[in-house]
Amino acid sequence: MEQPQALAFMFLKLHAQGYTISMVLFGVYNLLVGYLIFRLNFMLRTLGVLLAISGLCYLVNCFATFIAPAFASHLSPWILIPGISELLVAVWLVAFGVNVQRWREQAAAGEALP
Amino acid sequence: MTTHTTETSPLVNARVAGALYLTLVPLGFFMLYVSSSLVVPGNAAATAAHILASESLFRLGIVSALLIQIVNIFVVLALYRLLKPVNQNMALLMVIFILLGTPIAMLNELNQLAVLLLLHGTDTLAGFTTDQLQAIVPLFLDLHQLGISIAGIFWGLWLFPMGYLVLKSGFLPRILGVLLIIGCVGYLIESLAAILFPNFEVNIALFTFWGEVLFPLWLVIRGVNVEQWKEHALAPRST
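These protein sequence lines are chains R and S, in that order. Heads up: the first sequence begins at 342 in my numbering, then just goes up one per residue. Heads up: the second sequence begins at 518 in my numbering, then just goes up one per residue.
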């Protein structure tokens, strides 16, 4: 392999690592949104649980990739399957929306918060 | 279904913020330990050998750096809720500064991941000899240090509004505010010196960062003066 091609390949792999770094933040985000969906109860709470699980899976995948890449290669792609919950949440929101009354109750209670 | 009808107590915010902030101290020292024990300045081959021999340690160092940034997000949110009544704009500025530093510090870890790619690159980077690959390792480690200097600008900047808010709060000891602002200046000097005067080793942050230890310790042990906090919280909104 020529040197420029070897370097190009290295940067492509680095780019993939960069994506994994950003997935750490995304995993935390999924955890938080999943918790909120469950807690606030104005849409199907199971979706919240699934979303939180997918967040945890992303985090496990990311940290495994950085600490023990050989082990991580066994996890992928199975550990990313719970990510389907993101699609399910989006579909639910479009198809069924939210329980407006419960949403309004939460919003009113939230006004009291700083 | 419980709903929040009362605010989270300022004492709870203070203790959560302090406890999370304190976890950053051992994590930060762990990162320093990893780099000081593995990197041999001026000797690429020895550095490469150390990293390969203690690869798990090196990888844990990378993960610590990422964890620190995630924890920072929760710390600043708790501090925002705690200090917002003093001056909302300054509290917002504190949040903005640390949030800007977070992705910079996280992406900076790509430089350390690159080191691992180079050291394991004997087959995928076959166009280079092992010596050549090992020689590039210090370049990425130095870039990583410079990346820390860039992120360090934000680690310094967020301490200024934090210190200001502590000074003006009346529910926290003013000396902590002064120490935080000193910490801000220390980080900024060290970061700018690393970029402007790279041959001049400035390690001032190790002396000036103690506000970042004493402030969270105070938050956990003594909390805040709740009466004074409530005075601010109930006062009419001002910037």
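We treat Cβ as the ideally placed atom computed from N, Cα and C, and that holds for glycine. The structure presented is a predicted model; accordingly, all values stated were derived computationally and were not measured.
> Going by alpha carbons, who is nearest to Tyr360 (chain R) out of R:Leu377, R:Gln447, R:Phe407?
Replying inline: Here the closest residue by C-alpha is R:Phe407.
> alpha helix (DSSP H) containing Phe385 (chain R): first to last residue?
Replying inline: The sequence given here has Leu at residue 385 (chain R), not Phe. DSSP places Leu385 (chain R) in no alpha helix (DSSP H); its state is neither H nor E.
> Between the C-alpha atoms of Gln745 (chain S) and Leu624 (chain S), what's the straight-line distance to the nearest angstrom?
Replying inline: Going from the Cα of Gln745 (chain S) to the Cα of Leu624 (chain S) covers about 41 Å.
> Under 8 Å between C-beta atoms, does Leu656 (chain S) make it to chain R?
Replying inline: Leu656 (chain S) does not count as touching chain R.
> If the cut is a Cβ gap below 8 Å, which residues of chain S does Gly359 (chain R) touch?
Replying inline: From the beta-carbon of Gly359 (chain R), the residues of chain S found nearer than 8 Å are Leu624, Leu627.
>> If you measure between the beta carbons of Asn371 (chain R) and Gly389 (chain R), is that distance less than 8 Å?
In response: The answer is no: Cβ separation not under 8 Å.
> Cα separation between Ile706 (chain S) and Asp648 (chain S)?
Replying inline: Straight through space, the alpha carbons of Asp648 (chain S) and Ile706 (chain S) are spaced by roughly 36 Å.
> For Leu428 (chain R) and chain S, any beta-carbon pair shorter than 8 Å?
Replying inline: Taking a beta-carbon distance threshold of 8 Å, Leu428 (chain R) does not count as an interface residue toward chain S.
>> Just verifying my parser: in three-state terms, what is the DSSP assignment at Ala643 (chain S)?
In response: When secondary structure is reduced to three states using DSSP, Ala643 (chain S) falls in the coil class, being assigned neither helix nor strand.
>> My assumption, with CB atoms under 8 Å, is that Leu392 (chain R) sits in contact with Gly368 (chain R). Please give the rounded CB distance.
In response: About 11 Å; that fails the 8 Å criterion.
> Using a Cβ-Cβ cut-off of 7 Å (strictly less than) and excluding sequence neighbours within five positions of Ile653 (chain S), which residues of its own chain qualify?
Replying inline: Excluding positions up to five away in sequence, the list reads Leu635.
>> Tell me which residue opens and which closes the alpha helix (DSSP H) that Trp433 (chain R) is part of.
In response: Taken as a continuous stretch (DSSP letters only), the alpha helix (DSSP H) holding Trp433 (chain R) covers 425 to 437.
>> So, for Phe657 (chain S): in the same chain, excluding its five sequence neighbours on each side, which residues have a beta-carbon less than 8 Å away from its beta-carbon?
In response: Leaving aside the five residues that flank Phe657 (chain S) on each side, the residues in its chain whose CB is nearer than 8 Å to its CB run, in chain order, Asn628, Gln629, Ala631, Val632, Leu635.
>> Taking the straight line between their C-alpha atoms, what separation do you get for Leu528 (chain S) and Lys354 (chain R)?
In response: Taking C-alpha positions only, Leu528 (chain S) is separated from Lys354 (chain R) by approximately 46 Å.
> Can you list the residues of chain S that Gln346 (chain R) reaches, using a CB-CB cut of under 9 Å?
Replying inline: Contact annotation for Gln346 (chain R) against chain S: Gly644 [CB-CB distance below 9 Å, chain order].
> Along chain S, which residues have their Cβ under 8 Å away from the Cβ of Met351 (chain R)?
Replying inline: Ordered by position in chain S, the residues that pass the 8 Å Cβ test against Met351 (chain R) are Ala631, Leu634, Leu635, Gly638, Thr641, Leu642.
> What do you reckon, are the CB atoms on Val683 (chain S) and Leu693 (chain S) nearer than 8 Å?
Replying inline: Yes, Cβ-Cβ distance for Val683 (chain S) and Leu693 (chain S) is below 8 Å.
>> Check for me: the alpha helix (DSSP H) holding Ala776 (chain S) runs from which residue to which?
In response: Because chain S spans 518 through 756 in this model, residue 776 (chain S) falls outside it and cannot be assessed.
> Can you tell me the Cα-Cα spacing of Asn560 (chain S) and Pro418 (chain R), whole angstroms?
Replying inline: Here the alpha carbons of Pro418 (chain R) and Asn560 (chain S) stand approximately 39 Å from one another.
> By how many angstroms is the C-alpha of Leu348 (chain R) removed from the C-alpha of Phe677 (chain S)?
Replying inline: C-alpha of Phe677 (chain S) to C-alpha of Leu348 (chain R): approximately 42 Å in a straight line.
> What three-state label does DSSP hand Ala711 (chain S) in the structure shown?
Replying inline: It is helical.
> Are the CB atoms of Ala570 (chain S) and Ala622 (chain S) nearer to each other than 8 Å?
Replying inline: Remark: C-beta atoms of Ala570 (chain S) and Ala622 (chain S) do not approach each other more closely than 8 Å.
> So Gly578 (chain S) is in the alpha helix (DSSP H); what residue range does that whole segment cover?
Replying inline: Start and end: 572 to 600.
>> Helix, strand or coil, according to DSSP, for Ile504 (chain R) in the structure here?
In response: This structure leaves residue 504 (chain R) out entirely; chain R is present only between 342 and 455.
> Does DSSP classify Phe614 (chain S) as helix, strand or coil?
Replying inline: In the three-state scheme derived from DSSP, where H, G and I count as helix and E and B as strand, Phe614 (chain S) is classed as helix.
>> 8 Å is my cut-off, CB to CB: does Val439 (chain R) come that close to chain S?
In response: False, the Cβ-Cβ gap to chain S never drops below 8 Å.
>> The alpha helix (DSSP H) that contains Ile738 (chain S), what's its start and end?
In response: DSSP places Ile738 (chain S) inside the alpha helix (DSSP H), whose first and last residues are 728 to 738.
>> Taking the alpha carbon of Ser533 (chain S) as the reference point, which residue from S:Val588, S:Gly545, S:Met607 has its own alpha carbon closest?
In response: It should be pointed out that residue 533 (chain S) corresponds to Val in this sequence rather than to Ser. Of the candidates S:Val588, S:Gly545, S:Met607, the residue whose Cα lies closest to the Cα of Val533 (chain S) is S:Val588.
>> With a threshold of 8 Å, are at least 3 pairs of Cβ atoms found where one atom belongs to the stretch 725 to 739 of chain S and the other to the stretch 693 to 703 of chain S?
In response: Yes: at least three Cβ pairs fall under 8 Å.
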